[in-house]
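J.: Okay, handing you the structure first.
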């Protein structure tokens with residue numbers, strides 16, 4: 279099969295036909311309709327027109343950062359390269375690509391070469407007070423788990439907006455990837471994006487060279503929640519940050535001792551579809567694979583953790599009442 283390094287006109291048209299309000303919602307933003315346009319609760323300077331294009335009414339941002347298509351939205355707010363954004367939109371639209379593709383991080387964008395931004399981690403805040411409060415009170419993570427990640431220097435609170443930064447390191451401890459999540463959303467749907475210039479072939483991870491097991495998640499907080507639920511501080515764990523498996527391929531190359539993989543992806547349509555495909559791929563590659571979604575009624579492992587904590591609180595209250 280021939281190797282392709284560009285998209286067809288049909289594929290680009292499909293990518294640019296995707297509903298931009300749905301894209302924004304999938305990234306965790308709260309979309310609001312105002313008159314003949316949509317905006318975002320988290321950034322009311324954003325205007326989405328005809329569900330296809332967006333513009334940011336602010337002079338603070340440079341040209342190329344203040345509007346455009348769905349592809350530009352993913353480039354600016356999810357830190358994607360142009361080609362990766364097109365892949366993402368095609369997957370989002372359910373389009374089945376044909377032909378042989380080079381791996382996503384090895385091919386050039388379909389139009390013109392894009393200058394890659396330098397990867398610079400945001401400046402840390404003086405303390406992690408907002409981070410701790412959000413993860414403990416809103417996401418219901420235990421202090422033990424939060425402190426583990428703080429002490430391991432895998433998460434921190436950034437200074438400007440007090441977002442939480444999740445760091446993705448290689449086997450030697452060098453950070454290649456970082457994502458950010460806002461702390462203002464009480465329903466877990468606040469602002470989130472990747473730090474510009476990062477390498478998406480890495481993901482937020484916990485390493486243990488003596489373990490032959492790897493547990494895979496979509497998001498960093500789901501990884502932390504799983505650790506909390508099962509008191510699992512010994513297995514290797516990886517958050518993809520997406521439904522593509524480039525970070526998984528990298529992790530397995532760096533950790534050849536891995537023999538088994540548990541896929542703990544979300545309990546929704548995209549998560550189940552991705553889990554099925556990844557299970558087949560890595561089973562054929564010789565790994566022992568297992569599908570371990572959260573229980574029915576829980577979209578992800580953080581919601582599972584919250585339900586456990588809620589139930590535990592109710593039981594505790596009933597015991598106190600009986601006494």
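In this note's numbering, the protein residues as written are 279 to 601.
Beta carbons: idealized from backbone N, C-alpha and C, even for Gly.
Note that the structure is predicted; figures quoted are calculated from it, not measured.
#1: So what's residue 369 in DSSP terms, helix, strand or just coil?
#2: How long is the line joining the alpha carbons of residue 441 and residue 400, rounded to whole angstroms?
#3: Buried or exposed, going by whether 16 or more other CB atoms sit within 10 Å of the CB of residue 392?
#4: Report the CB separation of residue 298 from residue 307 in whole angstroms; it is logged as a contact under 8 Å.
#5: If you reduce the DSSP assignment to three classes, tell me which class residue 548 lands in.
#6: Where does residue 356 land, buried or exposed, given buried means 16+ other C-beta within 10 angstroms?
#7: Going by the beta-carbon positions, is the gap between residue 547 and residue 517 smaller than 9 Å?
#8: In whole angstroms, give me the CA-to-CA distance for residue 304 and residue 512.
#9: Is it right to say residue 523 is buried, meaning 16 or more other beta carbons lie within 10 angstroms of its own, or is it exposed?
#10: Per DSSP, what are the beta-bridge partners of residue 503 in this structure?
#11: Might you give, ordered along the chain, the residues of its own chain that have their beta carbon closer than 7 Å to the beta carbon of residue 502, omitting 5 neighbours on each side?
#12: Pick helix, strand or coil for residue 303, following the three-state DSSP scheme.
#13: Here's a check: name, in chain order, each residue in its chain whose Cβ is nearer than 8 Å to the Cβ of residue 471, leaving out the five neighbours to either side.
#14: Label residue 563 either buried or exposed according to how many other C-beta atoms from any shown protein chain fall within 10 Å of its C-beta, with 16 as the threshold for buried.
#15: With a CB to CB cut of under 7 Å and the five nearest residues on each side skipped, what residues in its chain are close to residue 366?
#16: Using CA atoms only, rank isn't needed, just tell me which of 413, 439, 581 and 484 is closest to residue 453.
#17: For the beta strand (DSSP E) containing residue 515, name the first residue and the last one.
#18: Expressed to the nearest angstrom, what Euclidean distance is found between the alpha-carbon atoms of residue 333 and residue 314?
#19: Look up residue 539 in the DSSP assignment and give the residues it is bridged to.
#20: CA-CA distance, residue 368 and residue 289?
#21: Using a 10 Å radius around the Cβ and a threshold of 16 neighbouring Cβ atoms, would you call residue 384 buried or exposed?
#22: Short check: CB of residue 431 to CB of residue 445, under 9 Å?
#23: Residue 408 and residue 461 look like a contact to me (Cβ under 8 Å); what is the Cβ gap, rounded to whole Å?
#24: By the three-class DSSP mapping on this structure, what secondary structure does residue 471 have?
#25: Tell me the rounded alpha-carbon separation between residue 557 and residue 540.
#26: Going by Cα to Cα distance, which pick from 497, 371, 533 and 416 is closest to residue 602?
#27: Considering only residues of the stretch 427 to 461, which uninterrupted beta strand (DSSP E) runs meet the minimum length of 3 residues and lie entirely inside it, listed in chain order?
#28: Let me check understanding here. Comparing Cα to Cα, which of 583, 492, 515 and 580 lies closest to residue 566?
#29: So, for residue 526: in the same chain, excluding its five sequence neighbours on each side, which residues have a beta-carbon less than 7 Å away from its beta-carbon?
#30: Which residue comes first and which comes last in the alpha helix (DSSP H) that contains residue 351?
#31: State the CB to CB distance for the pair residue 402 and residue 434, rounded to an integer number of angstroms; the pair is presumed to be in contact (CB under 8 Å).
#32: Name the DSSP bridge partner or partners of residue 309?
T.: To lay it out plainly:
#1: helix
#2: 10 Å
#3: Because the pLDDT of residue 392 is 47, which lies under 50, any placement of that residue in the model is unreliable, and the number read from its coordinates should be weighed accordingly. Per the 10 Å Cβ criterion, exposed.
#4: Going by Cβ atoms, the distance from residue 298 to residue 307 rounds to 11 Å, so no, they are not a contact pair.
#5: helix
#6: buried
#7: no
#8: 32 Å
#9: buried
#10: According to DSSP, residue 503 bridges with nothing at all.
#11: 419, 423 and 427
#12: helix
#13: 305, 355, 356, 357, 457 and 458
#14: exposed
#15: 352 and 358
#16: 484
#17: 514 to 517
#18: 14 Å
#19: 492 and 567
#20: 7 Å
#21: Bear in mind that a pLDDT of 34 at residue 384, under 50, signals an unreliable position, so the number given afterwards is only what the model happens to contain. Classification for residue 384: exposed.
#22: yes
#23: 5 Å
#24: strand
#25: 9 Å
#26: What the structure shows of the chain is the stretch from 279 to 601, and residue 602 is not part of that stretch, so it cannot be assessed.
#27: 433 to 435, 442 to 447 and 453 to 459
#28: 492
#29: 494, 516 and 518
#30: 348 to 355
#31: 5 Å
#32: 318
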